[in-house]
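Residue numbers (the working numbering): 2 to 424. Here is the structure we will look at.
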Ligand code: GDP
Ligand code: IMO
Ligand code: MG
């Protein structure tokens with residue numbers, strides 16, 4: 002039985018949380034495969050808005066088990082806050098939420114190292130969420146990290162101490178002014194670990210193997226977006242994990258041949274939060290309108306997201322790298338009212354027109370070439386069926402499907418679960 006995969010095709014915040022929540026009724030297991038609390042996944046239903054960072058977005062459904070996979074990095078302090086937020090919803094967390102023993106732990110000093118590293122970079126900073134993601138993955142690949150499974154050992158505190166002490170030396174090395182009270186942070190960390198240890202730790206690759214064997218339906222949930230991938234994103238302005246399809250194999254232990262549908266999510270326009278190149282960025286009234294109407298503020302940091310037109314060059318790149326089999330277009334409602342909609346179909350790169358994504362897409366190297374299409378005036382937010390969509394929006398969808406050669410199966414017209422149109 003195949004494992005379906007859902008991931009973001011842009012710079013994150015495409016609406017992955019919303020769609021995972023919508024699709025969960027069709028699955029037995031939702032398994033998050035990479036990233037950590039740098040993610041902010043928003044779900045809206047019954048008039049309540051929920052933001053999840055580490056916990057998979059299937060958690061509100063009774064039919065599904067949620068697995069935090071080995072590729073994820075977990076900050077016990079943020080995890081505890083997420084659990085606290087869920088307490089009022091009477092969910093059976095102990096049996097519905099399973100955590101991989103191989104997932105790595107974010108220590109308080111990882112967060113401090115992230116801050117020190119960013120401060121030392123000055124203007125060249127990544128614009129990290131400062132959740133300790135980079136330093137934790139560095140310890141993972143450097144073979145120094147601490148994992149969830151270590152918490153089951155009697156001497157985990159010794160391991161912790163050695164690593165935290167090493168981090169303190171590294172923080173000093175950055176020679177930047179960072180104020181912190183490590184003792185206070187450690188008390189908070191230890192309290193959070195106590196709560197984390199109440200949950201169920203599993204050998205998730207074995208659990209998922211058995212589930213596949215039994216024919217269970219599994220959906221792998223990605224975080225961030227393809228252009229933030231450590232290998233294929235706009236390096237160095239990326240996150241520290243593989244956000245693309247292959248990340249689901251390493252982040253869960255699912256063999257490549259078992260991947261079924263690859264669902265790629267994109268917004269009808271583009272956003273980016275943090276630093277780094279963004280060819281179609283609009284630093285004008287149009288970009289400001291997209292941000293305001295789309296409520297484009299980071300779900301994790303609250304920072305305003307940069308906005309711009311849809312970048313088809315970048316989207317094609319992401320579709321190919323991931324082997325996307327179905328597309329989902331989000332936030333079509335946000336573009337309602339624009340007389341003209343633009344799509345970037347190529348770049349002018351070093352004087353030549355190119356339609357692939359070049360190595361360096363900084364503003365000084367690339368200028369977007371746009372195609373213009375007629376906008377749609379109508380409010381889409383009350384629409385529930387594909388045949389209600391305005392003709393000019395259908396033209397936009399048809400054009401994208403033709404260019405991307407993949408069907409757009411869902412059009413999202415608002416943040417709520419119900420504002421989802423299947424085609
Ligand atoms: P994720 O990180 O991919 O899960 O996305 P985020 O939750 O960070 O950001 C998506 C934002 O857009 C959230 O505030 C969602 O509630 C909201 N959203 C999702 N789909 C739609 C949509 O179709 N229309 C509008 N207006 N908002 C949406
Ligand atoms: P979701 O899952 C949008 C961005 C940060 C920064 C860069 C590196 O909600 O789509 P990091 O904290 O990983 O070291 O930051 O990546 N970033 C995201 N942008 N959505 C996210 O997650 C992001 N996670 C990280 O803003 O530019
Ligand atoms: Mg987000």
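Quick reminder that beta carbons are idealized off the backbone N, C-alpha and C, glycines included.
Pull up the distance between the alpha-carbon of residue i and that of residue j, whole angstroms please.
i           : j           : result
residue 105 : residue 58  : 20 Å
residue 408 : residue 263 : 12 Å
residue 425 : residue 231 : Outside the displayed span of the chain (2 to 424) sits residue 425, for which this structure offers no information.
residue 253 : residue 243 : 12 Å
residue 98  : residue 5   : 19 Å
residue 43  : residue 22  : 9 Å
residue 36  : residue 72  : 7 Å
residue 90  : residue 48  : 14 Å
residue 13  : residue 170 : 33 Å
residue 191 : residue 102 : 18 Å
residue 266 : residue 358 : 19 Å
residue 259 : residue 173 : 46 Å
residue 411 : residue 296 : 21 Å
residue 153 : residue 60  : 25 Å
residue 157 : residue 249 : 28 Å
residue 136 : residue 424 : 42 Å
residue 255 : residue 199 : 27 Å
residue 125 : residue 363 : 13 Å
residue 212 : residue 26  : 17 Å
residue 16  : residue 117 : 31 Å
residue 185 : residue 282 : 41 Å
Cutting at 7 Å between CB atoms, please list the residues of its own chain near residue i, excluding the five before and the five after it.
i           : result
residue 189 : 78
residue 414 : 333, 334, 381, 382, 384, 420 and 422
residue 313 : 344, 345, 346 and 404
residue 379 : 337 and 391
residue 237 : 127
residue 88  : none
residue 324 : 246 and 263
Which residue wins for smallest C-alpha separation from residue i, given the options the options?
i           : options              : result
residue 393 : 141, 22, 375 and 387 : 375
residue 81  : 119, 291 and 38      : 38
residue 177 : 119, 210 and 144     : 119
residue 339 : 290, 389 and 390     : 290
residue 34  : 219, 142 and 199     : 219
residue 221 : 63, 162, 245 and 15  : 245
residue 330 : 215, 399 and 83      : 399
residue 11  : 388, 50 and 239      : 239
Excluding sequence positions up to five away, which residues of its chain have a Cβ less than 6 Å from the Cβ of residue i?
i           : result
residue 140 : 146
residue 133 : 107, 111, 112 and 115
residue 8   : 223
residue 193 : 77, 78 and 81
residue 130 : 39, 301 and 302
residue 372 : 344 and 346
In its own chain, which residues sit with a C-beta less than 8 Å from the C-beta of residue i, not counting the 5 before and 5 after it?
i           : result
residue 418 : 19, 22, 23, 44, 45 and 46
- contact_flag[the segment 191-210, the segment 62-73] where n(CB pairs < 8 Å) is 3 or more: yes
- Message: Three Cβ pairs or more, each shorter than 8 Å: is that satisfied between the segment 270-289 and the segment 299-308?
- Response: yes
- Query: Are the segment 311-322 and the segment 221-237 touching by the rule of at least three beta carbon pairs closer than 8 Å?
  - Reply: yes
- Task: Take every Cβ of the segment 154-173, pair it with every Cβ of the segment 38-55, and state whether three or more of those distances are shorter than 8 Å.
- Result: no
- Task: Determine, using beta-carbon pairs with one atom in the segment 343-350 and one in the segment 363-370, whether at least three such pairs fall under 8 Å.
- Result: yes
- Query: Among all residues, which have a Cβ less than 5 Å from at least one non-hydrogen atom of the ligand MG, and in what chain order do they fall?
  - Reply: 14, 41 and 300
- Query: Touching or not, the segment 17-33 and the segment 276-291, by the rule of three or more beta carbon pairs under 8 Å?
  - Reply: no
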